[in-house]
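Worksheet for the structure shown next.
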Amino acid sequence: MKYAKELREAIEMVMWNSTDGVWYDYDSEEKTHRRRFYPSNVYPLIFGDSSKKVTKRVLAYLKRMDVLKYPGFLGGIPATLEGSSHEQWDFPNVWGPSVHLFVESLRKSGDPELYNISKKVADGFIRTVYNGLMNPSPQWPAACWEKYDARFDDGRPGIGGEYPVQQGFGWTNGAVLDLIYRFYIEPQERKFGAVRLYANNVHSNRRLYIFYLLIPTSLLIVAWLTCQVQKSQVNHNRTQIFDIIGKPEESYLIADSDTE
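Okay, so the sequence shown: first residue is 2 according to this note's numbering, each after it adds one.
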């Protein structure tokens, strides 16, 4: 607890900007704050101990920077608001871990309006991940992506960077499952009471087992669907290649077997 308190005090002393009412990265070479928008500017709210005055200043900052207006950021909060670099850690890319911490920070702030914003952002990210896997755009395969495009909620992946956008994807799956739990499962637990495990209570045991099977089962389903989509894409590409060269795929299979 001592180190946690010291860390909290250091964050306030070094990163809090009293002019803008938010926490910034500190440039140790320039000896000044980097006064640009990043999702991390609100992360210290996750401690849950900020005063009402502080949370209102953070809310005013988000509104002033138009963070929530472009055009509502349908697929989540982008890594930055600057898109001229065309790098993957800039606009318009949305990253699961960044969105998750942004949402959790606002959710734990204690401010009702920030909580509503956190749910809106979470819903946008959940929606675009779902659409990308279950209802993708025609130009993209069905998949969970490492990053998404903030301007849309149709599941299209993000752009830019040093390598092709990756399918998978662990931190996307983990972030979206936790957001579903925080906003849609946990409230039901509070409403109907926490489930306790008692040796003589078969009903509670059954409910508990079902709950703890839900998340791993969901992960397995996502993984299976992704594998099936990738297998289908490979077969489709193979068929296209044989169509291009003008020979039936079976002739190559026969030739291979004759060679053996």
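Backbone N, C-alpha and C define an ideal beta-carbon position, used for all residues, glycine too.
Residue pairing for T33: DSSP places it in a beta bridge opposite D28. With the rule of 3 Cβ pairs closer than 8 Å, the segment 22-29 counts as touching the segment 52-70.
E114 and V122 have their alpha carbons spaced roughly 13 Å apart.
For W141, the secondary structure class from DSSP, reduced to helix, strand or coil, is coil.
Going by beta carbons, S119 and V104 fall inside the 8 Å limit. Distance from the CA atom of R37 to the CA atom of W96, rounded to whole angstroms, is 18 Å.
Secondary-structure assignment with DSSP links W96 through a beta bridge to K148. Taking a 10 Å sphere around the C-beta of K32, we find fewer than 16 other C-beta atoms and assign the residue as exposed. Taking all protein chains shown into account, S29 has fewer than 16 neighbouring C-beta atoms within 10 Å of its C-beta and is therefore exposed.
In this structure, the beta-carbon distance from T173 to D155 does not fall below 8 Å. R183 and L75 do not touch by the CB rule: their CB atoms are close to 20 Å apart, not below 8 Å. The beta carbon of G162 lies closer than 7 Å to those of E88, Q89 in the same chain, with the five residues before and after it left out.
Counting other Cβ atoms within 10 Å of its Cβ, P165 stays below 16 and is therefore classed as exposed. Rounded to whole angstroms, G159 and S52 show a C-alpha spacing of 36 Å. P113 sits in a helix when the DSSP states are folded into three classes. Under the DSSP assignment, L82 falls outside any alpha helix (DSSP H); it carries neither an H nor an E label. For the pair P79 and V55, the Cα-to-Cα distance works out to about 23 Å. Contact between Y149 and G77 holds, since their C-beta atoms are separated by about 6 Å, short of 8 Å. Note on L8: under 16 other CB atoms within 10 angstroms of its CB, so exposed under the neighbour-count rule. Per DSSP, reduced to three states, the secondary structure at W17 is strand. Distance from L46 to H101 at the Cβ level is roughly 14 Å; contact not present, criterion being Cβ atoms closer than 8 Å.
Assignment of beta-bridge partners to V23 by DSSP yields N18. Taking the Cα of M16 as reference, the smallest distance to any Cα among K6, Y4, K3, H34 is reached at H34.
Of the residues assessed, E147 falls on the buried side of the cut-off, its CB having 16 or more other CB atoms within 10 angstroms.
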